[in-house]
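What follows is a single structure, written as structure tokens, with notes after it.
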Amino acid sequence: MNILHIISSPRKGASASIQLANGIIDKLQAAYPGSSVQVHDLATNPFPHLEEAKLQSFFTPAESRTPEQQAAVKHSDDAIQEVKDADIIVIGAPLYNFGIPSTLKAWVDHIARAGITFRYTPEGPEGLIKGKKVYVAMSSGGIYSEGPGASNDFVAPYLQSVLAFLGMTDVTVVRAEGLAFPDLQATAVQKALDSVEIEAAEVAA
Ligand SMILES: Cc1cc2nc3c(=O)[nH]c(=O)nc-3n(C[C@H](O)[C@H](O)[C@H](O)COP(=O)(O)O)c2cc1C
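The opening residue of the sequence shown carries number 846 in this note's numbering; numbering runs sequentially from there.
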């Protein structure tokens, strides 16, 4: 298996989402010996916001792009290629102000391209990135899986929606939560990891 690990926490070794994602990847490698791991750290290698040249490049046919537009579209082409090359994608997603970090949103904005990763058909939109298994390794200071916080979780619903729109419908969200509570902090990542069962049949061989 080719595993793509998208990191969006800038906290390196202190990051719960990175620890959780690494734990999921360890389990995947145990289930699929010999799997390779490609890491894209958005904290150190971010995608820019969609400025004018970039947006124009998305909507200009390849043969008509100016050199500036060719350079602008390359980030997106590279991001999409990384996703296409992966069988399994593990996305680290800290909850920031009820949503995803802006670096992760910029990555989403670079992989969502009309005509390339999704298209509109008479029957409605169709995602074109198919056959992937995705794990979202979420981390949050509070509790969002249940209780009063649940309606403020715009991480899991958003990522599930946008990934499904692009064709990635097989998404498992794993949560290390309650990290702001001293009594939950020590065990949150391990508890989340213990809930992960790799079902080999889920992933296209
Ligand atoms: C900028 C920022 C915003 C945050 N917003 C929230 C929030 O709205 N709710 C919450 O429960 N935790 C919030 N947190 C706490 C993080 O979700 C928590 O520290 C998490 O562990 C971060 O992920 P990481 O450990 O992978 O870096 C925020 C943290 C930061 C740095």
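Glycine is no exception: its CB is placed at the ideal position from the N, C-alpha and C atoms.
query: Integer-rounded CB distance, given that residue 888 should sit under 8 Å from residue 852; result: 6 Å
query: Backbone CA spacing between residue 943 and residue 1023 [nearest angstrom]; result: 14 Å
query: Residue 1024 CB to nearest heavy atom of ligand 1 below 7 Å; result: yes
query: As assigned by DSSP and simplified to three states, the class of residue 856; result: coil
query: Own chain, CB closer than 6 Å to residue 1034, minus 5 neighbours either side, in chain order; result: 861, 864, 865 and 1021
query: Supposed contact pair residue 882 and residue 938 - C-beta distance, whole angstroms, cut 8 Å; result: That pair is no contact at about 18 Å.
query: Close beta carbons around residue 986, own chain, < 6 Å, minus the five adjacent residues each side; result: 1024 and 1025
query: Residue range of the unbroken beta strand (DSSP E) whose run includes residue 1006; result: Taken as a continuous stretch (DSSP letters only), residue 1006 belongs to no beta strand (DSSP E), being part of the alpha helix (DSSP H) at 1001-1010.
query: Separation of residue 857 from residue 966, as counted between CA atoms; result: 42 Å
query: Sub-8 Å separation of residue 931 and residue 869 beta-carbons; result: no
query: Sequence-distant residues of the same chain with beta carbon closer than 8 Å to residue 1019, five excluded per side; result: 865, 869, 980, 981, 982, 983, 1037, 1038, 1040 and 1041
query: Beta strand (DSSP E) runs contained entirely in the region 859-916, provided each spans 3 or more residues; result: 881-886
query: Cβ-heavy atom distance, residue 990 to ligand 1, below 7 Å; result: no
query: When 1006, 875 and 940 are compared against residue 994, the one with the closest alpha-carbon; result: 940
query: Under 8 Å between C-beta atoms of residue 945 and residue 873; result: no
query: Identified DSSP bridge partners for residue 1027; result: Residue 1027 pairs with nothing; no bridge assigned.
query: CB contact check: residue 968 to chain C, cutoff 8 Å; result: Any reference to chain C falls outside this structure, which holds one protein chain only.
query: Closest by C-alpha distance to residue 1014, when choosing among 975, 917 and 920; result: 975
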